[in-house]
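To start, the structure under review is shown below, and the notes come after it.
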Amino acid sequence: MYDMNDLRVGTFIQFNGEPYEIVDSSHMKMGRGKAVMRTKLRHLVTGNTLENTFKANDRIPEADLSHSKASFLYGDDESLHFMDQTSFEQFFISKKSFEEKARFLKDGLMVDVMLIDGTPATVQIPKKIEYVVKDAPPGVKGDTATNVFKTVTLENDLEIRVPLFINTGDKIIVNTDTGDYTERAN
Numbered sequence: 004m005y006d007m008n009d010l011r012v013g014t015f016i017q018f019n020g021e022p023y024e025i026v027d028s029s030h031m032k033m034g035r036g037k038a039v040m041r042t043k044l045r046h047l048v049t050g051n052t053l054e055n056t057f058k059a060n061d062r063i064p065e066a067d068l069s070h071s072k073a074s075f076l077y078g079d080d081e082s083l084h085f086m087d088q089t090s091f092e093q094f095f096i097s098k099k100s101f102e103e104k105a106r107f108l109k110d111g112l113m114v115d116v117m118l119i120d121g122t123p124a125t126v127q128i129p130k131k132i133e134y135v136v137k138d139a140p141p142g143v144k145g146d147t148a149t150n151v152f153k154t155v156t157l158e159n160d161l162e163i164r165v166p167l168f169i170n171t172g173d174k175i176i177v178n179t180d181t182g183d184y185t186e187r188a189n
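For the sequence shown, the numbering used here assigns the number 4 to the initial residue and increments by one for each residue that follows.
Below is the structure:
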């Protein structure tokens with residue numbers, strides 16, 4: 004059971020008898036009242052979202068999920084295809100339920116699969132992923148007085164802003180929560 008302070012982005016809860024993932028949360032302190040947690044929830048099966056406010060004394064049950072490892076194979080117009088690492092069975096998840104995180108997927112990426120009664124419901128990608136820079140324009144000489152960034156293309160055609168010293172072929176680490184460059188990989 005979770006209490007209000009345990010509710011964070013990425014937490015899986017059981018709400019009205021259905022499994023949900025918290026995709027956004029904000030702690031609100033009311034003037035003379037008790038604090039509340041405003042959340043945006045995404046249904047794990049349908050992908051629909053709803054907003055709910057939890058009070059300080061609410062007890063929220065954990066979602067009844069099992070976990071498995073899978074690797075990303077490919078994506079098409081409507082779905083993303085994965086292969087389970089234990090049974091080697093292929094399955095797909097709709098892009099609608101995956102939302103913004105689909106842009107961070109690359110071939111062979113290992114992910115955590117959340118299963119409801121043995122059926123894949125959603126996928127969690129790692130917080131930080133290593134990519135190879137596919138295309139990087141040269142840095143302009145003399146632009147080093149402040150933090151200057153340039154836009155590069157990664158191996159999965161994702162475009163992000165990185166410091167000037169990053170070149171084509173470099174390996175970098177990207178934070179999947181923010182979509183920002185984190186550091187150069189070793």
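Every residue, glycine too, gets a C-beta built ideally from N, C-alpha and C.
Along the chain, which unbroken stretches of the alpha helix (DSSP H) at least 4 residues long are found entirely within the stretch 129-180?
none
Are Val-165 and Asp-138 close, meaning C-beta to C-beta below 8 angstroms?
no
Between Val-48 and Ile-119, is the Cβ-Cβ spacing less than 8 angstroms?
yes
Residue range of the alpha helix (DSSP H) that Ser-74 falls in?
Going by DSSP, Ser-74 is part of no alpha helix (DSSP H) but of the beta strand (DSSP E) stretching over 69-78.
When you compare each of Arg-106, Ala-73, Phe-107 to Phe-95 by their alpha carbons, which one comes out closest?
Ala-73
Could you tell me the boundaries of the beta strand (DSSP E) in which Arg-58 lies?
The sequence as given places Lys at residue 58; Arg does not occur at that position. Looking at the DSSP string, the run of the beta strand (DSSP E) that includes Lys-58 is 52-58.
Which value, in whole angstroms, describes the spacing of the CA atoms of Arg-35 and Thr-149?
45 angstroms
Return the residue from the list Tyr-77, Phe-152, Asn-8, Asn-55 that minimises the CA-CA distance to Asp-183.
Phe-152
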